[in-house]
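**Student:**
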Amino acid sequence: MVSGRRLGSVSRQRSIARRDVSLSKPPLGFSWVAGKGPVARLVARPLRRFLDTEAASGAVLLVATVAALMWANSPWSAAYDSLWHTEAGFSIGSLDVTEDLRHWVNDGLMALFFLVVGLEIKRELVSGELNDFRKAAVPVVAAIGGMIVPAAIYLAFNVGEASSHGWGIPMATDIAFAVGVLALVGRSLPSGLRVFLLSLAIVDDIGAILVIALFYTANISIPWLALAVGGIGFSVFLRSMKVWWTPIYVVIGMVIWFATFESGVHATIAGVVLGLLAPARPADSGGAQDVFVEAQKFADEPSAEEIRSLTIQAQETVSVAERIGSLLHPYTSFIVIPLFAFANAGLVIDPDTIGDALSSQVALGVVLGLVIGKLVGVSLFSWFAVRSGLGTLPEDATWPQMFGVAALAGLGFTVSLFISGLAFDDPTFADQSKLGILVGSILAAIVGTVLIRMSARSTAE
Numbered sequence: 373m374v375s376g377r378r379l380g381s382v383s384r385q386r387s388i389a390r391r392d393v394s395l396s397k398p399p400l401g402f403s404w405v406a407g408k409g410p411v412a413r414l415v416a417r418p419l420r421r422f423l424d425t426e427a428a429s430g431a432v433l434l435v436a437t438v439a440a441l442m443w444a445n446s447p448w449s450a451a452y453d454s455l456w457h458t459e460a461g462f463s464i465g466s467l468d469v470t471e472d473l474r475h476w477v478n479d480g481l482m483a484l485f486f487l488v489v490g491l492e493i494k495r496e497l498v499s500g501e502l503n504d505f506r507k508a509a510v511p512v513v514a515a516i517g518g519m520i521v522p523a524a525i526y527l528a529f530n531v532g533e534a535s536s537h538g539w540g541i542p543m544a545t546d547i548a549f550a551v552g553v554l555a556l557v558g559r560s561l562p563s564g565l566r567v568f569l570l571s572l573a574i575v576d577d578i579g580a581i582l583v584i585a586l587f588y589t590a591n592i593s594i595p596w597l598a599l600a601v602g603g604i605g606f607s608v609f610l611r612s613m614k615v616w617w618t619p620i621y622v623v624i625g626m627v628i629w630f631a632t633f634e635s636g637v638h639a640t641i642a643g644v645v646l647g648l649l650a651p652a653r654p655a656d657s658g659g660a661q662d663v664f665v666e667a668q669k670f671a672d673e674p675s676a677e678e679i680r681s682l683t684i685q686a687q688e689t690v691s692v693a694e695r696i697g698s699l700l701h702p703y704t705s706f707i708v709i710p711l712f713a714f715a716n717a718g719l720v721i722d723p724d725t726i727g728d729a730l731s732s733q734v735a736l737g738v739v740l741g742l743v744i745g746k747l748v749g750v751s752l753f754s755w756f757a758v759r760s761g762l763g764t765l766p767e768d769a770t771w772p773q774m775f776g777v778a779a780l781a782g783l784g785f786t787v788s789l790f791i792s793g794l795a796f797d798d799p800t801f802a803d804q805s806k807l808g809i810l811v812g813s814i815l816a817a818i819v820g821t822v823l824i825r826m827s828a829r830s831t832a833e
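Okay, so the sequence shown: first residue is 373 according to the working numbering, each after it adds one.
Written out as C-alpha cells, the structure reads:
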C-alpha cells in the first residue's frame, strides 16, 4: 500500500543507520531537488521525506509481524487470541456500538491510514508525477497490469469455488516493505526507478480502494449512507465558503466515518474520501518569501500576536493536504500499520497448517499471484506502454532493472491482509490466504533482490 505516497529521489548508503544522511543529498543530476524552486518545494522534498518514512517504517512493520507470529505460535497463543477478541465500545442513548479490538484496529485506526492514502493520491494528482500524462503513463499502465494478472492467476486456481471471492488479495503492493527492500538492495539503481515504484504503488492503492468499495461491501444501510454523503456535501460546502477551522472538519470527519461504518460500506473508504477532499494547493502559494521577510522584522523580541500572525501566514503557504499528511504520516507508518500487522498476522504455523496450505488453491493462487503475477503483469504492461509511445522508461533505467522492481511490487503484505479479512469469513480460507501472503511476499522480495543484483552486475560489465 501506501504506505505515502511521495515523489522524489532516495539515495542509499551502505547501512540503514546512514539513510537519513544520504537522503539529505540529492542524487547526481537532480540538483533541482535541493533548489528553491516550486518543483523542489512542492514535489521533490515532500516525496523525499515520505520515502524516508516509508523505508524506515518497513523495519517496524517487520518487527510487528514477527512478534505476532512468535506470540501466536508460543505456549501463550491463547492470550494472543483473547487480547484481540476483547470487546470495547461506547453507547450514546439508544445507540450502542461494541466491537472486538481487532475490528477497532481494522475499521477505526486503518481509516487514518487510508486518509493519508487519500491525501497522497490527491497531492500527486494535483502537483505530483501523476499530474503529467507522459510521466504517469508507464507506472499507471504497469499498476493496472500488476492488478489484472495476479487476480487472473488467482481466479485460474479458484474459479467456481467459494474461495474465488479472494481474487483481490494478490492485487496489492505494500509500499513500506517494497520501498524498504529497494532501499536496502537497490542503492545503485537510478532514482527514477524509486519514483516509478512509488507511483505504481499510488495507482495500486487507488485500485485496492475501488475493489474494497465495489466488491467487498454488502448489506448497505441507505439512511446511514445518506448521512455520510450529507457530511461529505457539508464538508465541500464549507470548503467553498473558505472555512478552514480545523476542529469543525475533525468533527465532520468523525461523523462521516461513523455513518460509513454503520452503513455497511467499509469505514476505511471514509478516510480515502476525506483525503481526496482536502485542498492540495496552498491558500497562498507565493507567500513563503513574505513570511521570511516579516519574520526578520520581529527577530529580536516578537510579541505573541506577531508570532500568531506569522504562524497563520506560514500555514497558508502549505496546503491542507500536506499539513495533515505530514502530521498523520508518522503515526500511521509507525503505529497504525504495525499495530494492524500485529493484530492480523498472528497465524498458527504447524504441520497441519502447512500441509493444508500446500494443497490449498487459495494459498497457491495468492503465492503465484504475488510472485509471478506481479512480475509478469507490471513488466508486460510497462513494455506495452513504452512500445506504444504512451511513455518512456525512467531515466537511465534498463529493462533488467525494471524486472527487479516489478518483482518487488509483489510484496503485498498489509493491504493483502486487509482484503483477506474482508474476503473470507471461513477461518480455514483466511488462514490459508494469510500463509500465502507471507510466503508470497517473502518470495517476491527474494526474486526482486536477485534480479536487481543481476541487473547491477550486467550494468557494471
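Every residue gets a Cβ at the ideal spot worked out from N, C-alpha and C, and that includes glycine.
Predicted, not measured: the structure shown is a model, and the values here were computed from it.
(1) Please report how far the alpha carbon of His537 lies from the alpha carbon of Met613, in whole angstroms.
(2) Taking buried to mean at least 16 other C-beta atoms within 10 Å of its own C-beta, is Leu577 buried or exposed?
(3) Quick one: grab the DSSP three-state call for Ile464.
(4) Report all residues from its chain with a CB closer than 6 angstroms to the CB of Phe549; omit the five preceding and five following residues, and keep chain order.
(5) Could you check the C-alpha separation between Ser560 and Thr770 for me, to the nearest Å?
(6) Counting C-beta neighbours from all protein chains within 10 Å, is the total for Glu459 16 or more, i.e. buried, or is it exposed?
(7) Which residues does DSSP pair with Glu471 in a beta bridge?
(8) In this structure, how does DSSP classify Gly500 when only helix, strand and coil are distinguished?
(9) I think Leu491 touches Gly697, with their Cβ atoms under 8 angstroms apart; what is that distance to the nearest whole Å?
(10) Which residues mark the beginning and the end of the alpha helix (DSSP H) in which Met519 is found?
(11) How do the region 592-602 and the region 550-557 stand: do at least 3 beta-carbon pairs fall below 8 angstroms, yes or no?
(12) Contact between the region 727-743 and the region 755-771 is defined here as three or more beta-carbon pairs at a separation below 8 angstroms; is this criterion met?
(13) With DSSP run on the structure shown, which of helix, strand or coil describes Ala717?
(14) Indicate the three-state DSSP secondary structure (helix, strand or coil) for Ser813 in the structure shown.
(15) Measuring CB to CB, does Glu496 end up less than 7 angstroms from Ile574?
(16) Confirm, please, whether the CB-CB distance from Leu736 to Asp803 is below 7 angstroms.
(17) Out of Asp546, Ile520, Met442, state which residue places its alpha-carbon closest to the alpha-carbon of Ile809.
(18) Between Thr437 and Ala816, how many whole angstroms is the CB-CB distance? I'm expecting something under 8 angstroms.
(19) Look at the alpha carbon of Arg474 and the alpha carbon of Phe486, and state the distance between them as a whole number of angstroms.
(20) With distances taken from CA atoms, which of Pro562, Val622, Gly636 is nearest Leu586?
(21) Looking at the structure shown, is Gly625 part of a helix, part of a strand, or coil, going by DSSP?
(22) Do you know offhand how far Gly647's Cα is from Ile641's?
(23) Between Pro542, Thr618, Gly745, which has its C-alpha nearest Leu806's C-alpha?
(24) Reducing DSSP to helix, strand and coil, say where Ala781 ends up.
(25) Compute the Euclidean distance between the alpha carbons of Ile818 and Phe775, then round it to the nearest angstrom.
(26) Should Arg386 go down as buried or exposed, given a rule of 16 or more other Cβ atoms within 10 Å for buried?
(27) Quick check on the DSSP output: what are the complete alpha helix (DSSP H) runs of length 4 or more inside the region 563-638, in order along the chain?
**Tutor:** Judging by the given coordinates:
(1) Walking along the sequence shown from the start, residue 537 turns up at place 165. Walking along the sequence shown from the start, residue 613 turns up at place 241. Between the alpha carbons of His537 and Met613 lies a distance of about 44 angstroms.
(2) Residue mapping note: residue 577 aligns to position 205 of the sequence shown, counting from 1. Checking the sequence shown, residue 577 turns out to be Asp, not Leu. Note on Asp577: 16 or more other CB atoms within 10 angstroms of its CB, so buried under the neighbour-count rule.
(3) Position 92 of the sequence shown holds residue 464. Residue state, collapsed to three classes: strand.
(4) Here residue 549 is taken as the residue at index 177 of the sequence shown, counted from 1. Cβ neighbours of Phe549 beyond the five flanking positions: Gly430, Leu783, Phe785.
(5) In the sequence shown, counting from the first residue as 1, residue 560 sits at position 188. In the sequence shown, counting from the first residue as 1, residue 770 sits at position 398. Taking the straight line from one Cα to the other gives about 12 angstroms.
(6) Here residue 459 corresponds to residue number 87 of the sequence shown, with the count starting at 1. Exposed.
(7) Position 99 of the sequence shown, counted from the start, is the residue given in the question as residue 471. In DSSP, Glu471 forms a bridge with Ala460.
(8) Within the sequence shown, residue 500 is the residue found at index 128, counting from 1. Secondary structure of Gly500 (DSSP, three-state): coil.
(9) The residue labelled residue 491 in the question sits at position 119 within the sequence shown. The residue labelled residue 697 in the question sits at position 325 within the sequence shown. The beta carbons of Leu491 and Gly697 sit about 4 angstroms from each other, so the pair counts as a contact at 8 angstroms.
(10) Indexing the sequence shown from 1 puts residue 519 at position 147. Its alpha helix (DSSP H) spans residues 505-530.
(11) Not touching, per the Cβ criterion.
(12) In short, these stretches do not touch, since the Cβ pair count stays below three.
(13) Against the sequence shown, residue 717 aligns to sequence position 345. When secondary structure is reduced to three states using DSSP, Ala717 falls in the coil class, being assigned neither helix nor strand.
(14) Position 441 of the sequence shown, counted from the start, is the residue given in the question as residue 813. The DSSP-derived three-state label of Ser813 is helix.
(15) One-based indexing of the sequence shown puts residue 496 at position 124. One-based indexing of the sequence shown puts residue 574 at position 202. Result yes, Cβ atoms of Glu496 and Ile574 sit closer than 7 angstroms.
(16) Translated into positions along the sequence shown, residue 803 becomes position 431. Translated into positions along the sequence shown, residue 736 becomes position 364. Taking the C-beta atoms as reference points, Leu736 is found no nearer than 7 angstroms to Asp803.
(17) Here the question's residue 809 lines up with position 437 in the sequence shown. Looking from the CA of Ile809, the closest CA among Asp546, Ile520, Met442 belongs to Asp546.
(18) As a working mapping, residue 437 is identified with position 65 in the sequence shown. As a working mapping, residue 816 is identified with position 444 in the sequence shown. About 15 angstroms separates the two Cβ atoms, so there is no contact after all.
(19) By one-based count along the sequence shown, residue 474 stands at place 102. By one-based count along the sequence shown, residue 486 stands at place 114. If you take the alpha carbons of Arg474 and Phe486, they lie about 17 angstroms apart.
(20) As a working note, residue 586 is residue 214 in the sequence shown. Cα-wise, what sits closest to Leu586 is Gly636.
(21) On the sequence shown, residue 625 is found 253 positions in, with the first residue counted as 1. Helix, per DSSP.
(22) As a first step, residue 647 is located in the sequence shown; it is residue number 275 there, counting from the start. As a first step, residue 641 is located in the sequence shown; it is residue number 269 there, counting from the start. About 10 angstroms.
(23) Residue 806 sits at position 434 when you count from the first residue of the sequence shown. The residue asked about is misnamed: residue 806 is Lys in this sequence, not Leu. Looking at the Cα atoms, Pro542 is the closest of the given residues.
(24) The residue given as residue 781 occupies position 409 in the sequence shown. If DSSP states are grouped into helix, strand and coil, Ala781 belongs with coil.
(25) Your numbering for residue 818 matches position 446 in the sequence shown. Your numbering for residue 775 matches position 403 in the sequence shown. The straight-line gap separating the alpha-carbon atoms of Ile818 and Phe775 is approximately 13 angstroms.
(26) Taking the sequence shown and counting its residues from 1, the one referred to as residue 386 is at position 14. In this prediction, Arg386 has a pLDDT of 28, which is less than 50 and means its spatial position is unreliable; what the coordinates show is noted afterwards. With fewer than 16 other Cβ atoms from the protein chains shown falling within 10 Å of its own Cβ, Arg386 counts as exposed.
(27) The qualifying runs are 563-587, 594-612, 618-635.
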